[in-house]
Structures are given as C-alpha cells and as structure tokens.
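Data first, discussion second: the structure below is written as structure tokens.
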Amino acid sequence: MSAAATTIEGRQRRWRVLPALPAPDLDVPPLTARLLHARGIANPGQAAEFLDCAESLYLPPSVLSGVDAAVERLRAAREHGEHAAVYGDFDADGVTGAALMTRALRRFGLRASAYIPHRVAEGHGLNAAAVDTLAAQGARLIVTVDCGVTDVDAVAHAKALGIDVIITDHHLPGDTAPDAAAIVNPKLDGNGGASDQLTGVGMALKLAQALLELGRGAVGVGGHRRNHRPGAAARREPLHRRSRLAPAAPDAQRGAAGADAVGGHRTSLR
44 MSAAATTIEG
54 RQRRWRVLPA
64 LPAPDLDVPP
74 LTARLLHARG
84 IANPGQAAEF
94 LDCAESLYLP
104 PSVLSGVDAA
114 VERLRAAREH
124 GEHAAVYGDF
134 DADGVTGAAL
144 MTRALRRFGL
154 RASAYIPHRV
164 AEGHGLNAAA
174 VDTLAAQGAR
184 LIVTVDCGVT
194 DVDAVAHAKA
204 LGIDVIITDH
214 HLPGDTAPDA
224 AAIVNPKLDG
234 NGGASDQLTG
244 VGMALKLAQA
254 LLELGRGAVG
264 VGGHRRNHRP
274 GAAARREPLH
284 RRSRLAPAAP
294 DAQRGAAGAD
304 AVGGHRTSLR
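Taking the working numbering, I'd label the letters of the sequence shown as residues 44 to 313.
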C-alpha cells in the first residue's frame, strides 16, 4: 500500500486510505472507483471482474462437509414430526441467519421455532439453560446459526436430554469438536477455500440451499437472499466476491418469495 496513504483511527479498527486516483478510468461512479482503488483495483477489467456477481460464483452446498449429514437429520425430523428449534446468535449475522433458517425449515415441512439469546444475560453461544427451555417447549432437534462450534458442554447437555444438535457456524473451532449430529463449518474443512469467506448467515444459506435441492418445499435461493443481505453486510469481515454474491444479486422471485427482509425476520422469529 502506498506510503502516502492516510491513516484513520477508529475505536476498534484502523483504516489506511489511499490518495485520490491518479486516473479514475474504471467506468464506474467516482466513489466506487475510489473504493476499488483502495482494494488495489486499477483498471476496468479488474473492476468488472470484482463487481461481477455471476451465478457461476455461487458455491454449491456440497463444498461444505457436514451438509449431507445435516440434511439427513432434518429429513428424519420431518418424517417423525419432530419440533426443530433454531438457535441464532444475537448479532445481525445470527439473527438474520436464524430468520432464514427458520423459514427454510418451515417450508421444508418441519415444525420450527427460533430462539435468540439475551445479549447480556446469556451472551454468545449455545447455553445449557437455553437448551432446558427448548426441551420444555418440545424441541427434539436444535439447529444453531452463527454459533455452536465451541459449545461442547451445551451440546453434551442437549444430547443427555435426548436432543440432537446440528451446528452451522463460521467461527474457529476449539481443540475438541462438539458431539453434534452434524457440523457445517468451513473452518473445520481446513482447506482455506472460497467457503471460508461465508459468514454465519451464509452458512445458514448453504444448508437452506441443500434443502431446496431436495425439491420438497424449501423456498428458492432468490427468496433467501433478502434474509442473507443484512447479516452479510453488517458482519465486519471482508466482502469477497462469493460472500458478496447474495447481498448484491437481484431477487428474481421478489413477488413469490414473501415479505421484505425485516418483515420476513419478524415473521420467522415469532
């Protein structure tokens, strides 16, 4: 990065801003050109490639280990009429992911409810008290969103109560993996591939997409994108080409997919 870059100090982060473009010829608006320039994109070809949101960039669920096991457990839950509880983290990534997952499970044919922990009283991650609450409500399966990969004790507690747990998460795992029915987390694959760019809501989207591919009632990908966008945008992580695809792509099924993002979340989390 240029030595002439300006440093801006924030409360938690530091930004280095490059000087104005020497020749802003990227065929995009000036502000977009400056943002692209800050990423080291200096010609129209690079700009077009970065901004492209072609469907070919959309990663199939099969790239993630654990998806098949998760789908099979969800299929069994539907066949046995089990109640599935979606447990999402309390931040934007977790809440939007929980809304997305709850809607997908309901359209898949499951009885599904959502639980969002209290930010102060419960904190991050799956906890035993919440598991007890969900057990009392009749849940036989818990699907986590944006959490769970380090919650070994809480998952063990759920298993002792006869509740299986499917974990969807994107955070780094601990030394010991929870004894879950399935874990969908790119950090466990250890391949450093494109799936590492996905956020918590992105992981929920992958599992929802896998359910869709069964062709048995899950909403189309276009319907899930609006639920994906707020969480992916609010998550303070780099927006790479693949993690930007769903936030940026248009809704081909806007009319058929249901309510807008906020309204959809409110309905899903009731």
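Beta carbons are placed, not taken as given, at the ideal position from N, Cα and C, and that holds for glycine.
Burial state of residue i (16 or more Cβ within 10 Å)
{"i": "Arg51", "result": "It should be pointed out that residue 51 corresponds to Ile in this sequence rather than to Arg. By the 10 Å Cβ count, Ile51 comes out exposed."}
{"i": "Glu122", "result": "exposed"}
{"i": "His161", "result": "exposed"}
{"i": "Gln55", "result": "exposed"}
{"i": "Leu117", "result": "buried"}
{"i": "Thr49", "result": "exposed"}
{"i": "Asp194", "result": "buried"}
{"i": "Arg139", "result": "A small fix is needed here, since residue 139 is Thr in this sequence, not Arg. Thr139 is buried by the Cβ-count criterion."}
{"i": "Arg309", "result": "With a pLDDT of 43 at Arg309, under the threshold of 50, the modelled position of this residue cannot be trusted; read the value that follows with caution. Arg309 is exposed by the Cβ-count criterion."}
For residue i, the nearest candidate out of the options (CA to CA)
{"i": "Pro72", "options": "Gly53, Ala90 and Val163", "result": "Ala90"}
{"i": "Gly181", "options": "Ala220, Ala155, Leu107 and Asp232", "result": "Ala155"}
{"i": "Ala157", "options": "His167, Gly166 and Asp132", "result": "Asp132"}
{"i": "Ala199", "options": "Arg116, Thr49 and Ala223", "result": "Ala223"}
{"i": "Asp111", "options": "Leu204, Ala197 and Ile210", "result": "Ile210"}
{"i": "Gly124", "options": "Arg183, Leu231, Ala251 and Leu215", "result": "Arg183"}
{"i": "Cys190", "options": "Val60, Thr139, Asp232 and Asp212", "result": "Asp212"}
{"i": "Tyr130", "options": "Ala197, Val106, Trp58 and Gln252", "result": "Ala197"}
{"i": "Arg59", "options": "Gly83, Asp136 and Leu250", "result": "Gly83"}
According to DSSP, residues forming a beta bridge with residue i
{"i": "Ile210", "result": "Thr187 and Ile226"}
{"i": "Ile159", "result": "Its beta-bridge partners do not exist; DSSP assigns none."}
{"i": "Glu52", "result": "Arg57"}
{"i": "Arg154", "result": "His126"}
Expected contact under 8 angstroms - CB spacing of residue i and residue j to nearest Å
{"i": "Val208", "j": "Ile185", "result": "5 angstroms"}
{"i": "Val188", "j": "Gly243", "result": "6 angstroms"}
{"i": "Val174", "j": "Leu215", "result": "About 23 angstroms separates the two Cβ atoms, so there is no contact after all."}
{"i": "Met144", "j": "Ala247", "result": "5 angstroms"}
Could you tell me whether the segment 76 to 83 touches the segment 208 to 228, using the rule of 3 or more Cβ pairs below 8 angstroms? Result no; under three Cβ-Cβ pairs closer than 8 angstroms.
Check whether the segment 246 to 258 and the segment 139 to 154 touch, using three or more Cβ-Cβ pairs below 8 angstroms as the test. With the cut-off at 8 angstroms, the segment 246 to 258 and the segment 139 to 154 touch.
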